[in-house]
Amino acid sequence: YLALGTALAAGALAAAVRFTTPLLFLGVSVLVVVSGVWDALDGEVARRTGRATVRGDFLDHVFDRYADLFVLLGIAASGYADPILALLALVSLLLTSYMGTQAQAVGRGRMYGGLVGRADRLVILAVATFLQFDWSLPWPWAPTRPWESFAAWGLRFTVLDVA
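Going by the UniProt record's numbering, the sequence shown opens with residue 1, and the numbers climb by one from there.
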């Protein structure tokens, strides 16, 4: 529940950027990392304490999808992401997960493969939000419009998830 709650907070903070300041993206970056750490720890703690169950594994996957949804919707609502690319990234992410569970359903085992797994996506998302947080830095590669940076990352998410 901690990972899901932290992801919800990250999404809400990202959405709040629309009404406040892009500096909040630094907080989003931290919350995405914390959510990923909680997510990595919950299953390990359950296994080590002998409390791992099939139901728990199922809930973990469901909560992971909701966490992804909260963060990506928050970024889409921030005004700093191209809405079409954010939608494509979200659909791609959900379809990738669906294909993994379908592989499990037909007896091939749960497939976590592909070019970028969930942990990798969280790292990319944390780095992208961190780089997004301050427009006043004189970086030569800084985008000229607020949504360009996330649009580029959104496209990468879309391409990498489908692969």
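For each residue, glycine too, the CB sits at the ideal point set by N, CA and C.
- Between the segment 54-67 and the segment 4-24, the count of C-beta pairs closer than 8 Å reaches three or more; the two stretches touch.
- Rounded to the nearest angstrom, the gap between the Cα atoms of THR101 and PHE130 is 31 Å.
- Residue nearest to VAL37 within the set ALA128, GLN132 and ALA119 is ALA119 (criterion: CA-CA distance).
- Minimum Cα-Cα distance from VAL127 among the listed residues TYR80, LEU26 and GLY79 corresponds to LEU26.
- Each of ALA89, LEU59 and LEU85 was checked against the Cα of GLY43, and the nearest Cα belongs to LEU59.
- No Cβ-Cβ contact shorter than 9 Å links ARG121 with GLY79.
- Under the three-state reduction of DSSP, THR129 is assigned to helix.
- In this chain, the alpha helix (DSSP H) harbouring LEU88 covers 83-105.
- Burial is judged here by how many other beta carbons sit within 10 angstroms of a residue's own beta carbon; ALA14 has at least 16 and is buried.
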